[in-house]
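A short worksheet on the structure shown next.
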Amino acid sequence: MIQKLNSANEQTWLLIGRVAEQMEDLEHALSAYENALRHNPMSLSGLTQVAGIARIKENYPKAIEFFQRVLSLQEDNGEVWSALGHCYLMQDDLQKAYAAYQQALYLLPNPKEDPKLWYGIGILYDRYGSLDHAEEAFSSVLAMDKDLDFDKANEILFRLGIIYKQQGKYEDSLACFDRILRNPPSPLAHADIWFQIGHVYEQQKDHVQAKDAYERVVADNPVHAKVLQQLGWLYHQDGSSFQNQELAIQYLTKSLEADSSDAQSWYLLGRAYMAGQKYNKAYEAYQQAVYRDGRNPTFWCSIGVLYFQINQFRDALDAYSRAIRINPYISEVWFDLGSLYESCNNQISDAIDAYARASELDPANGVISSRLQLLKTAQATGGQLPAAPGPQDVHPTAYASAVVPPPGLTGPPLLLQPPNQRASFRADSRGAPNEISLPPPSQGPSTRSPPGPFRGGPPPPVVIDENRHVSLHTPLAPMDVDGPGRDFPLSSRESSSRSGQGSLLLHHPSSQNQTPADDGRTRGHHR
Numbered sequence: 001m002i003q004k005l006n007s008a009n010e011q012t013w014l015l016i017g018r019v020a021e022q023m024e025d026l027e028h029a030l031s032a033y034e035n036a037l038r039h040n041p042m043s044l045s046g047l048t049q050v051a052g053i054a055r056i057k058e059n060y061p062k063a064i065e066f067f068q069r070v071l072s073l074q075e076d077n078g079e080v081w082s083a084l085g086h087c088y089l090m091q092d093d094l095q096k097a098y099a100a101y102q103q104a105l106y107l108l109p110n111p112k113e114d115p116k117l118w119y120g121i122g123i124l125y126d127r128y129g130s131l132d133h134a135e136e137a138f139s140s141v142l143a144m145d146k147d148l149d150f151d152k153a154n155e156i157l158f159r160l161g162i163i164y165k166q167q168g169k170y171e172d173s174l175a176c177f178d179r180i181l182r183n184p185p186s187p188l189a190h191a192d193i194w195f196q197i198g199h200v201y202e203q204q205k206d207h208v209q210a211k212d213a214y215e216r217v218v219a220d221n222p223v224h225a226k227v228l229q230q231l232g233w234l235y236h237q238d239g240s241s242f243q244n245q246e247l248a249i250q251y252l253t254k255s256l257e258a259d260s261s262d263a264q265s266w267y268l269l270g271r272a273y274m275a276g277q278k279y280n281k282a283y284e285a286y287q288q289a290v291y292r293d294g295r296n297p298t299f300w301c302s303i304g305v306l307y308f309q310i311n312q313f314r315d316a317l318d319a320y321s322r323a324i325r326i327n328p329y330i331s332e333v334w335f336d337l338g339s340l341y342e343s344c345n346n347q348i349s350d351a352i353d354a355y356a357r358a359s360e361l362d363p364a365n366g367v368i369s370s371r372l373q374l375l376k377t378a379q380a381t382g383g384q385l386p387a388a389p390g391p392q393d394v395h396p397t398a399y400a401s402a403v404v405p406p407p408g409l410t411g412p413p414l415l416l417q418p419p420n421q422r423a424s425f426r427a428d429s430r431g432a433p434n435e436i437s438l439p440p441p442s443q444g445p446s447t448r449s450p451p452g453p454f455r456g457g458p459p460p461p462v463v464i465d466e467n468r469h470v471s472l473h474t475p476l477a478p479m480d481v482d483g484p485g486r487d488f489p490l491s492s493r494e495s496s497s498r499s500g501q502g503s504l505l506l507h508h509p510s511s512q513n514q515t516p517a518d519d520g521r522t523r524g525h526h527r
């Protein structure tokens, strides 16, 4: 009798919960389902509905707990495994998301026609950095029956546009962005899509169309810091027909007025000042950049170039050494070191070592290989050498972080089967065995593949003949990575007071306390 009463109460509360859900009253629905569970803690409907509401409310830990309780009672429920995979994905637990999606693929009766499942798998591999697999998953969702109750097409097109851009498939990327330009997915606006279009054109070196797209964004939002930053960089670049360093400085300054915390804007402002040989202003801008991001190797490479160009060779060596400790795989830094050793006192052996490392990192660079061969020949024959080359600066985004799989994510990708692959499902799988396959995983592309781990110590010191290398500029102080950031560059009076001879402290980097090399990282970028 009590069992029947509990069952009746359970069903009543479940009915109340369903009615409340239909009225979009999630709080009362949740309360009703929890009351149902008081009468029957193993109610599959109650557990599933509580988990579903927690997921809607983005309370993922609670959703995971209740989905796991469902699976403890009904472990072959493919839909619950799929929902659990999504919750793990939202918690950024990619290994558990992968395992849950694997179970869903195994248990769902027709997984190839489940858009929610492949949408989640697409996001999983987008996060993982496996762009080809993410592209296939998202494309499969777009190809599914339009009658299916899953309207994520515009969001998927945006994600595909980003993926195609990263893959270098620029026309496909532009096509995706064009399709959603009039109806961007929430919470994005038209300006966000124009920004992406501008960036694709910039990657294609079509600076005119990139500028036009960015200017559309600025027309809608005159204080869009990132777009102002991009416009400033466009006006700075040599390849543009409209190059104008003054306009570059204006746009970058406006970007900093909108967001003074962006280290990249300070850095690009320094690059623009360097183009006009405004070394004091470049120094101040770089100083602001390293206050905000002292672990960026690109910044330190450019700081080395600044010191190199004004004959502060020991400070240049210090800057390059910092860059190497953070990321020893930047060919431009090693090339500049080679040039530095040549320029100081004909340290040919040290220069050859540096050029050799640069050549390993960038074997297709004829300038590096030619200089290296020239020095080797001169060293062997005692021949005369032409003047050392000037320092090379690095592209601001050339050494952005390579996509690295999250630690612990193991197992093959969950993908639609290529024609020449056999399915890997067990014979009793509910999934269609001839349509789903698990090919070997692949990682996302990286811009450069390092030839091997760098095991060298700090670069050797430079030997300077003070009589040969007299600077024509007021000496600049070493960069301070720990001082408080200033919102705008110092005035010329402040700059002069900081740059006097009394403030110039030159130390070889090996004698200073600095961060060890083994915890370095490459810089990530905003794109």
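Going by full-length UniProt numbering, the sequence shown opens with residue 1, and the numbers climb by one from there.
Ideal Cβ placement from N, Cα and C applies to all residues, glycine included.
Kindly list the residues whose CB is nearer than 6 Å to the CB of Asp293, restricted to its own chain and excluding five residues on each side of it in sequence; keep chain order.
Counting from one through the sequence shown, the residue named residue 293 turns up at place 293. Excluding sequence neighbours, Asp293 sits near Ala263.
To the nearest angstrom, report how far apart Arg216 and Leu228 are at their CA atoms.
The residue you call residue 216 lines up with position 216 of the sequence shown. The residue you call residue 228 lines up with position 228 of the sequence shown. Answer to the nearest angstrom: the Cα atoms are 11 Å apart.
Using 8 Å as the threshold, is the region 374-383 in touch with the region 282-302, meaning 3 or more CB pairs across them?
With a cut-off of 8 Å on Cβ pairs, the region 374-383 is not in contact with the region 282-302, counting fewer than three such pairs.
Under the three-state reduction of DSSP, which class applies to Ala358: helix, strand or coil?
For the purposes of this step, residue 358 is taken as the residue at position 358 of the sequence shown. Helix.
Beta-carbon within less than 6 Å of Trp266's beta-carbon, same chain only, minus the 5 sequence neighbours each way: which residues are those?
The residue you call residue 266 lines up with position 266 of the sequence shown. Excluding sequence positions up to five before and after Trp266, its CB lies within less than 6 Å of the CB of Ala285, Gln288, Ala289, all in the same chain and listed in chain order.
Under a three-way DSSP split, which group does Gly276 fall into?
Sequence index remark: in the sequence shown, residue 276 carries index 276 (1-based). Gly276: coil per DSSP, three-state reduction.
Helix, strand or coil for Ile310, going by three-state DSSP, please let me know.
Your numbering for residue 310 matches position 310 in the sequence shown. The three-state reading of DSSP puts Ile310 in coil, since its state is none of H, G, I, E or B.
Which residues in the same chain have their Cβ closer than 6 Å to the Cβ of Gly78, if we skip the five residues on either side of it in sequence?
Here the question's residue 78 lines up with position 78 in the sequence shown. Excluding positions up to five away in sequence, the list reads Ala104, Leu107, Leu108.
Three-way DSSP call (helix, strand, coil) for Phe242 in this model:
In the sequence shown, counting from the first residue as 1, residue 242 sits at position 242. In the structure shown, Phe242 falls within a coil segment according to DSSP collapsed to helix, strand and coil.
Nearest CA to the CA of Ala210: which residue from Asp393, Ile197, Val218, Asn221?
Stepping through the sequence shown from its first residue, residue 210 is reached at position 210. Among Asp393, Ile197, Val218, Asn221, the Cα nearest to that of Ala210 is on Ile197.
Taking the beta carbon of Asp336 as the centre, do at least 16 other beta carbons fall within 10 Å, making it buried, or is it exposed?
Along the sequence shown, one-based indexing puts residue 336 at 336. Taking all protein chains shown into account, Asp336 has 16 or more neighbouring C-beta atoms within 10 Å of its C-beta and is therefore buried.
Buried versus exposed call for Ser503 [16 or more other C-beta atoms within 10 Å across all chains shown]
Along the sequence shown, read from residue 1 onward, the residue named residue 503 stands at position 503. Confidence at Ser503 is low in this model, with a pLDDT of 30, below 50, so its placement is unreliable and the value that follows should be read with caution. Around the Cβ of Ser503, a 10 Å sphere holds fewer than 16 other Cβ atoms; the residue is exposed.
Which listed residue (Trp233, Leu5, Gly161, Gln3) has its alpha carbon closest to that of Lys205
The residue labelled residue 205 in the question sits at position 205 within the sequence shown. The shortest C-alpha separation from Lys205 is found at Trp233.
Looking at residue 543: is its Cβ nearer than 8 Å to the Cβ of Ile326?
Given a span of 1 to 527 for the chain in the structure shown, any question on residue 543 remains unanswerable.
Candidates Ile156, Leu256, Ser261, Pro459, of which the one nearest Tyr355 by Cα
Reading the sequence shown from its first residue, position 355 is the one you call residue 355. Restricting attention to Ile156, Leu256, Ser261, Pro459, the CA atom closest to the CA of Tyr355 is found in Pro459.
Go through its chain and collect everything with a Cβ distance to Gly366's Cβ below 6 Å, but skip five positions before and after it.
Start at 1 with the first residue of the sequence shown, and residue 366 comes out as number 366. There are no such residues.
According to DSSP, is Tyr329 part of a helix, a strand, or is it coil?
The count along the sequence shown starts at 1 and reaches residue 329 at position 329. Note: Tyr329 maps to coil in three-state DSSP.
What's the gap between the Cα of His190 and the Cα of Asp92?
As a working mapping, residue 190 is identified with position 190 in the sequence shown. As a working mapping, residue 92 is identified with position 92 in the sequence shown. One C-alpha to the other measures close to 28 Å.
Given residue 607, which residues of its chain have a CB within under 6 Å of its CB, disregarding the five upstream and five downstream residues?
Look at the range of the chain in this structure, 1 to 527, and you will see that residue 607 is not part of it.
Which of helix, strand or coil does DSSP assign to Met90?
As a first step, residue 90 must be located in the sequence shown, where it is residue number 90. In this structure, DSSP gives Met90 a helical state, which the three-state scheme calls helix.
So, at 7 Å on beta carbons, what are the nonlocal neighbours of Ala388 in its own chain, with the 5 sequence-adjacent residues on each side left out?
Sequence index remark: in the sequence shown, residue 388 carries index 388 (1-based). Only Ser339, Glu342, Ser343 meet the Cβ criterion.
For a test of the three-state rule: what should DSSP assign to Pro478, helix, strand or coil?
Looking up residue 478 in the sequence shown gives position 478. In the three-state scheme derived from DSSP, where H, G and I count as helix and E and B as strand, Pro478 is classed as coil.
Terminal residues of the alpha helix (DSSP H) in which Pro397 lies:
Taking the first residue of the sequence shown as 1, we reach residue 397 at position 397. According to the sequence as given, residue 397 is Thr; it is not Pro. Per DSSP, Thr397 lies in no alpha helix (DSSP H) and is assigned neither H nor E.
Once DSSP output is grouped into helix, strand and coil, what is the label at Leu188?
As a first step, residue 188 must be located in the sequence shown, where it is residue number 188. Coil at Leu188, not helix or strand.
Local Cβ density within 10 Å of Val19, reported as buried at 16 or more and exposed below that
Walking along the sequence shown from the start, residue 19 turns up at place 19. Exposed: under 16 other Cβ atoms inside 10 Å.
Going by other Cβ atoms of all chains shown within 10 Å of its Cβ, with 16 needed for buried, is Ser140 buried or exposed?
For this step, residue 140 is matched to residue 140 along the sequence shown. Buried: at least 16 other Cβ atoms inside 10 Å.
Can Ala272 and Ile249 be called in contact, C-beta distance under 8 Å?
Residue mapping note: residue 272 aligns to position 272 of the sequence shown, counting from 1. Residue mapping note: residue 249 aligns to position 249 of the sequence shown, counting from 1. Closer than 8 Å, so yes.
Which residues bound the alpha helix (DSSP H) around Ser261?
For the purposes of this step, residue 261 is taken as the residue at position 261 of the sequence shown. Looking at the DSSP string, Ser261 is not in any alpha helix (DSSP H), and its letter there is neither H nor E.
Gln203 versus Ser369 - alpha carbon distance
The residue labelled residue 203 in the question sits at position 203 within the sequence shown. The residue labelled residue 369 in the question sits at position 369 within the sequence shown. Going by the C-alpha atoms only, they are around 27 Å apart.
Give the secondary structure of Glu24 by DSSP, where H, G and I count as helix, E and B as strand, and everything else as coil.
The sequence position of residue 24 within the sequence shown is 24, counting from 1. DSSP, read as helix, strand or coil, puts Glu24 in coil.
Apply the 10 Å Cβ neighbour rule to Thr381 and answer buried if 16 or more other Cβ atoms are within range, or exposed otherwise.
Start at 1 with the first residue of the sequence shown, and residue 381 comes out as number 381. Around the CB of Thr381, fewer than 16 other CB atoms lie within 10 Å, so the residue is classed as exposed.
Delimiting residues of the alpha helix (DSSP H) encompassing Lys226:
Position 226 of the sequence shown, counted from the first residue, corresponds to residue 226. Annotation: the continuous alpha helix (DSSP H) that includes Lys226 extends over 225-236.
I need the DSSP call for Ala378, collapsed to helix, strand or coil.
Translated into the one-based positions of the sequence shown, residue 378 becomes position 378. Correct three-state label for Ala378: helix.
Going by C-alpha to C-alpha distance, which of Leu361, Ser255, Gly46 sits closest to Val223?
By 1-based counting over the sequence shown, the position of residue 223 is 223. Closest by alpha carbon: Ser255.
Identify, in the order they occur along the chain, each residue of the same chain with its Cβ nearer than 6 Å to the Cβ of Ala63, setting aside the five sequence neighbours on each side.
Translated into positions along the sequence shown, residue 63 becomes position 63. Hits under 6 Å: Ala51, Ala54, Arg55, Cys87.
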